[in-house]
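Structure first, commentary second.
There are 2 protein chains.
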Amino acid sequence: MANHLALENQLCFRLYRLNKRMAKMYAPLLKSLNLTYPQYLVMLALWQSTSEGLSVKSLGETLELDSGTLSPLLKRMQTNGLVQRTRSEEDERTVLISLTESGIALKAQAIDIPLTLFGKTGLSESEFTQLTYLLDKLISTTANT
Amino acid sequence: MANHLALENQLCFRLYRLNKRMAKMYAPLLKSLNLTYPQYLVMLALWQSTSEGLSVKSLGETLELDSGTLSPLLKRMQTNGLVQRTRSEEDERTVLISLTESGIALKAQAIDIPLTLFGKTGLSESEFTQLTYLLDKLISTTANT
DNA sequence: CAAAAATAGATTGCACACAACTTAATTTTG
DNA sequence: CAAAATTAAGTTGTGTGCAATCTATTTTTG
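For the protein sequence lines, the chains are A and B, in the order given.
By the UniProt record's numbering, the letter at position 75 of the first sequence is numbered 75, and the numbering carries on one by one without gaps.
By the UniProt record's numbering, the letter at position 96 of the second sequence is numbered 96, and the numbering carries on one by one without gaps.
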C-alpha cells in the first residue's frame with residue numbers, strides 16, 4: 001500500500017532538490033567568473049554557436065526560456081560586458097546576441113568546470129550514461145510549453 | 001574527444017530542463033487547487049506531519065529551503081487559508097506551521113495527482129525505480145548547503 | 001495591395017530562491 | 001549568573017522564471 005502523496009515518493013521532488021543542489025555546487029566556481037548559473041547556460045550556448053551569434057528566439061528554444069526571462073538576463077550580461085545585441089538586418093524584429101572579446105575569452109576560464117563538477121558527483125561513467133539515458137527519455141515524453 | 005562544455009553533455013542542464021518541465025506539468029493540476037508548485041511541496045510535507053504541525057526550521061530542512069524563501073511563501077499560504085502560524089510555547093523563537101481545516105480538506109483533491117503525473121511520464125515501473133536510485137545516489141553525494 | 005494574422009522581443013506583475021543582514025530568544029561559557 | 005555565542009524567523013536586495021500583455025515588424029490572406 002504505497003502512500004502516493006508522501007514527499008519521499010515524488011520523482012519531481014528529487015529533481016527539484018537535485019537541481020537546486022547542482023546550482024549551489026556550480027555557484028562558487030561561477031562566482032569567480034562573475035556568472036550566475038542561468039548566465040552560464042547562456043554562455044555554453046553562445047560558445048558553441050557561430051560568430052554571428054544567436055537570436056533571442058533560438059536561445060530561448062535551446063534553453064527553454066522565454067523572452068520574459070531572457071530579455072532582462074541578457075541585458076545584465078551586456079552590462080557585464082559579455083554579450084552584444086544587434087538588430088538583424090534581414091528581419092528587424094530579430095535581435096542577435098553575440099559574444100564580446102571578453103565573453104569569448106571567458107571560455108578558457110570555464111573549460112575545467114564540467115570535469116570538476118563531474119568529479120564531485122561521485123558517479124561512475126556507466127552510472128552517468130544510464131542517468132543521462134533515463135533523463136533524456138523523460139525529457140522526450142514530457143512535452144515542452 | 002568529448003566537448004565537455006557542450007550544452008548537450010551537461011547533466012546539470014538535463015536536470016534544469018526537466019525540473020522546469022515537471023513544474024509546468026503540475027501547474028494546471030495545481031492551479032485548480034489554487035497552489036503553486038513550491039506550495040504543493042509544503043502541503044505534502046504538512047499532510048504527512050502530526051497535527052501539531054512543523055516548525056519553519058524543520059520544513060526548511062525537509063524541503064531544503066531557507067527562511068528567506070519560506071517566510072513569505074507561508075505568509076501567502078496563510079492568506080489563502082491553508083495554514084496557521086503559532087509561536088511555540090517551549091521556545092518563543094520557533095513558529096509552528098499547521099494545517100487549517102481547509103488545508104486538511106485539500107488533501108482529498110490532491111490524492112490523484114501523483115498517479116496522474118506518473119502516467120504522463122511514460123516511464124515503466126522499473127525505469128522509475130532505476131531513476132530514483134540514481135537520483136538518490138547523486139543527492140547523497142552532493143552535499144547540502 | 002490593404003487588412004488581418006502571426007511573429008520577435010520587451011515589459012509588467014507575481015512568486016520563488018538565496019545571500020546577507022536584523023531581531024528576538026535561548027544556550028553556552030567564563 | 002552575566003556576557004558571548006548560537007539559534008529561529010523575518011527582512012532586504014538581486015536574479016531568475018513565467019503568464020499576460022504590448023509594440024513593432026513581417027507574413028498571410030481576402
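Even glycine gets a Cβ: it sits at the ideal position worked out from N, Cα and C.
- Using a Cβ-Cβ cut-off of 8 angstroms, B/Ala-6 is close to Leu-44 and Gln-48 of chain A, given in chain order.
- Inter-residue distance for A/Glu-52 and B/Glu-8 is about 21 angstroms (C-alpha atoms, whole angstroms).
- Nearest to B/Lys-75 by C-alpha distance, out of B/Leu-106, B/Ser-98, B/Leu-44 and B/Leu-18, is B/Ser-98.
- For B/Glu-89, no Cβ of chain A is located within less than 7 angstroms of the residue's own Cβ.
- If you draw a straight line from the Cα of A/Glu-64 to the Cα of A/Asn-144, it comes to about 8 angstroms.
- DSSP, read as helix, strand or coil, puts B/Ser-98 in strand.
- Look at the segment 19-84 of chain A and you find these whole runs of alpha helix (DSSP H), each 4 residues long or longer: 37-47, 56-63 and 67-79.
- Within chain A, not a single residue places a beta-carbon under 9 angstroms from that of B/Met-77; the smallest gap is close to 16 angstroms.
- Not a single CB atom of chain B sits nearer than 7 angstroms to the CB of A/Ile-104.
- The beta carbon of B/Leu-135 sits closer than 6 angstroms to no other beta carbon from its chain once the five residues preceding and following it are set aside.
- Going by C-alpha positions, A/Lys-31 is about 18 angstroms away from A/Asn-19.
- A/Thr-142 sits in coil when the DSSP states are folded into three classes, being neither helix nor strand.
- Inclusion of A/Arg-85 and B/Thr-142 in the CB contact set at 7 angstroms is not warranted, their separation being larger than that value.
- Across the structure, B/Lys-57 and B/Gln-10 are spaced so that their CA atoms are roughly 33 angstroms apart.
- Sixteen is the threshold: when 16 or more other Cβ atoms of the shown chains lie within 10 Å of the Cβ of A/Arg-17, as they do, the residue is buried.
- Counting along the chain, A/Ile-113 sits inside the alpha helix (DSSP H) bounded by residues 113-121.
- If you check the CB distance, A/Leu-96 and A/Ser-88 come in under 7 angstroms.
- The three-state secondary structure of B/Arg-14, taken from DSSP, is helix.
- Taking the Cβ atoms as the reference, A/Lys-120 lies roughly 6 angstroms from A/Met-25, within the contact range of under 8 angstroms.
- Remark: C-beta atoms of A/Ile-113 and A/Leu-29 approach each other more closely than 7 angstroms.
- Rounded to the nearest whole angstrom, the C-alpha separation of B/Ser-140 and B/Trp-47 is 25 angstroms.
- For A/Gln-109 against A/Leu-73, the beta-carbon gap comes to about 20 angstroms, at or over 8 angstroms, which does not count as contact.
- The beta-carbon of B/Gly-122 is placed less than 7 angstroms from the nearest beta-carbon of chain A.
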